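Single-structure report; data block below.
Have a look at this one:
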């Protein structure tokens, strides 16, 4: 199978990836983690795992996700705080709450919430 590569600053190296992958979620989508109680807004997508080996190895082996799938950068909110999360596609599902996500960085990237997803600021879209 043909492959491509890109440099990942988080991993500090080039990452090999298939020429085509299918992401189930898009930038601006509101998602929920399948195993842990948090939700978030997608603000970036990696076609495959593109973080550090230390990060990957820190995940307990029995719940460690496959590398060859999209991974999403999220503005996440838990019950008590907000943070940046990096989550595999297999561990996400669409959030059906219809409520906005509370995260201080959302306003820097997105302008409006339409009840299902956030819309990118025009200055950040292609």
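Residue numbers (my numbering): 90 to 215. For every residue, glycine included, the Cβ atom is placed at its ideal position computed from N, Cα and C. Owing to the predicted nature of the structure, the values given are computational and were not obtained by experimental measurement.
query	result
Quick check: the stretch 139-148 against the stretch 163-171, are there 3 or more CB pairs under 8 Å?	no
If distances are taken between C-alpha atoms only, which option among 133, 174, 105 and 109 comes closest to residue 50?	Outside the displayed span of the chain (90 to 215) sits residue 50, for which this structure offers no information.
Could you check where the beta strand (DSSP E) with residue 166 kicks off and where it finishes?	160-166
Report back the beta-carbon spacing between residue 177 and residue 158 to the nearest angstrom; my notes put them in contact at under 8 Å.	6 Å
Quick one: residues in its chain with C-beta nearer than 6 Å to the C-beta of residue 181, no 5 flanking neighbours on either side, listed in chain order?	120
Using 8 Å as the threshold, is the stretch 106-117 in touch with the stretch 144-161, meaning 3 or more CB pairs across them?	yes
Closest to residue 194 by C-alpha separation, out of 117, 104 and 98, would be which residue?	117
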